[in-house]
Amino acid sequence: MPDPIAIPLTDGVRLHGTSTGPTDAPLTVVLLHGWTLDGRIWHRQVTALREASGTPLRVVTYDARGHGRSGPTTLRSATLARLGDDLAEVLAQVAPHGPVVLAGHSMGGMTILEYAHRHPDDFARRVAGLVLVSTTAEGHTHTCYGVSPRLARLIRVAETTGAGLLARCGGLRTPRPLLHALRPTLRWLLFGDVCRPADLRLTTAAVARASMVSIGGFRPSIGAQRRLETLAALADIPAAILVGDRDRLTPPPCALSIVAALPSIALTVCPGAGHMLMLERPDEVTAALRAVTGQAAARTGAARGRGGADATAPRAGAAVPRTDRAATRAGEGITRTGEAGAGAGVASPTAPASRRRAPAWAGRAGNAIAVLRLPRRRGGRPTRAGT
């Protein structure tokens, strides 16, 4: 079981976190959750990384201020800038030495970009790998809620107005009867074709812990963030990004903008998946984490084995090998037709090309990237190619 840790910040807020693995591990992985959620969202990845052989890892999660079991936030400090500064403090306290790999979901990914923007020297010195999950560097530019652009604009105005009202409610939390009534909306907004009841319960429980000032207060800076230019400074580290093609909050164009700004990043598109990839597609997210941590360990000398390479981790940007058990379950039926850095490629289920049509956004993926189109799942299990 993960060990609980307390992280006091300089402004008096106390963050709740967890730590798994040896504190003297040569590589630390820090997992950041999304808006209104908490660190429990990563529980499957924490377990998988703990049980994996190869490079010893320390895996850290923490609840952002105003979320989960962390201390409350004020409206003034409910900003991405503050979260970026918080991340710098967390790293200084929890992992003051050695390389780190950062992984962020949604607002967590935006927090990492804010940290890179506000603390560029610290980022360059400490960060050895990056995994972005269902996130954006352009605020709400591409958020469409799965509806028409005109209706999406109306929803965005209503959401922004509502967020301002919620922010004035302070530390109050969403009443449980209201949360229960909103579960169908959360299921539609956050998940794709498949949603396990336990995953929806966990997500709803996380939202229940977020205060009104957190739900409403962070919304303006999330919508306004523009950090594409920051990505250029991250080109030298192993990186991966994952997105579901049914994501209504950070749809594929969000990922493609990041790919255009950071061509070396490995993109994985999960058909049928929504915004909650750690829960919907845990094997794919874990495979990306293992790929990036493996390459980061090899580059920093943290890996063990011959030549410092971790033989259990696939190369970041490459198709996951079938010898990897978790990745094989996730990627059954995948064939490789491109190499990262050698022009756009598509790895897709083996079926006649005439029967498979790429989505409109796929043509904007640009060069120097391998797009992994994983098979659609039905009933929570991978489907075989051609079905």
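Here our numbering is used: the first residue of the sequence shown is 4, the next is one more, and so on. Positions of the beta carbon are idealized from the N, C-alpha and C atoms, including for glycine.
Distance, Cα to Cα, residue i vs residue j?
i: Gly20; j: Ala155; result: 36 Å
i: Gly226; j: Gly74; result: 24 Å
i: Asp88; j: Trp191; result: 33 Å
i: Pro99; j: Leu157; result: 45 Å
i: Thr13; j: Thr77; result: 14 Å
i: Leu189; j: Thr207; result: 8 Å
i: Arg186; j: Cys198; result: 12 Å
i: Arg129; j: Cys147; result: 35 Å
i: Thr23; j: Ala236; result: 30 Å
i: Val134; j: Thr289; result: 10 Å
i: Arg17; j: Thr50; result: 25 Å
i: Leu265; j: Pro180; result: 44 Å
i: Leu30; j: Ala300; result: 7 Å
i: Gly2; j: Val160; result: Residue 2 is absent from the model: the chain starts at 4 and stops at 390.
i: Ala127; j: Pro178; result: 43 Å
i: Asp202; j: Arg230; result: 31 Å
i: Pro200; j: Arg153; result: 32 Å
i: Val104; j: Ile240; result: 10 Å
i: Glu232; j: Ser260; result: 11 Å
i: Pro7; j: Gly132; result: 24 Å
i: Pro285; j: Leu52; result: 12 Å
i: Thr253; j: Ala238; result: 22 Å
i: Pro223; j: Pro255; result: 22 Å
i: Leu83; j: Gln298; result: 29 Å
i: Val120; j: Thr114; result: Correcting the residue identity first, residue 120 is His in this sequence and not Val. Those two C-alpha atoms are separated by around 10 Å.
i: Gly42; j: Ala9; result: 13 Å
i: Pro11; j: His36; result: 19 Å
i: Arg47; j: Cys273; result: 17 Å
i: Arg328; j: Leu193; result: In this prediction, Arg328 scores a pLDDT of 29, lower than 50, which makes its location untrustworthy; no coordinate-derived value is stated.
i: Asp124; j: Gln96; result: 17 Å
i: Tyr65; j: Tyr118; result: 15 Å
i: His122; j: Arg72; result: 26 Å
i: Pro317; j: Leu40; result: Summary for Pro317: the model assigns pLDDT 42, below 50, so the residue's position carries little reliability; its value from the coordinates is reported in the next sentence. Those two C-alpha atoms are separated by around 29 Å.
i: Ala305; j: Phe221; result: 36 Å
i: His145; j: Pro5; result: 36 Å
i: His278; j: Arg176; result: 23 Å
i: Gly15; j: Ala184; result: 35 Å
For residue i, which beta-bridge partners are listed by DSSP?
i: Pro11; result: Arg17
i: Arg2; result: An answer regarding residue 2 cannot be provided, because it is not within the stretch 4 to 390 covered by the chain.
i: Thr64; result: Thr21 and Leu34
i: Asp6; result: Ser22
Is it the case that the Cβ atoms of residue i and residue j are separated by a distance below 8 Å?
i: Trp38; j: Ser109; result: yes
i: Val62; j: Leu34; result: yes
i: Glu287; j: Thr271; result: yes
i: Leu280; j: Ser137; result: yes
i: Pro102; j: Pro59; result: no
i: Ala140; j: Leu116; result: yes
i: Arg293; j: Ala55; result: yes
i: His70; j: Arg212; result: yes
i: Gly67; j: Leu86; result: Reading off the sequence, residue 67 comes out as Ala, not Gly. A contact, by the Cβ cut-off of 8 Å.
i: Gly111; j: Gln228; result: no
i: Ala276; j: Gly195; result: yes
i: Ser267; j: Ala291; result: no
i: Ala263; j: Ile244; result: no
i: Val32; j: Thr303; result: no
i: Leu182; j: Val210; result: yes
Beta carbon of residue i: closer than 7 Å to some heavy atom of the ligand PLP?
i: Leu270; result: For the structure depicted, the ligand PLP is absent and the ligand set is empty, with no information on it obtainable.
Q: Quick one: which unbroken alpha helix (DSSP H) runs of 4-plus residues sit fully inside the region 230 to 289? Chain order, please.
A: Runs of the alpha helix (DSSP H) inside the region 230 to 289: 231 to 234, 255 to 264 and 280 to 283.
Q | Complete runs of the alpha helix (DSSP H) confined to the region 93 to 167 [at least 4 residues] | A | Qualifying alpha helix (DSSP H) stretches, in chain order: 110 to 121 and 123 to 129.
Q.
Count Cβ pairs between the region 208 to 221 and the region 244 to 255 that sit closer than 8 Å; are there 3 or more?
A. No: fewer than three Cβ pairs fall under 8 Å.
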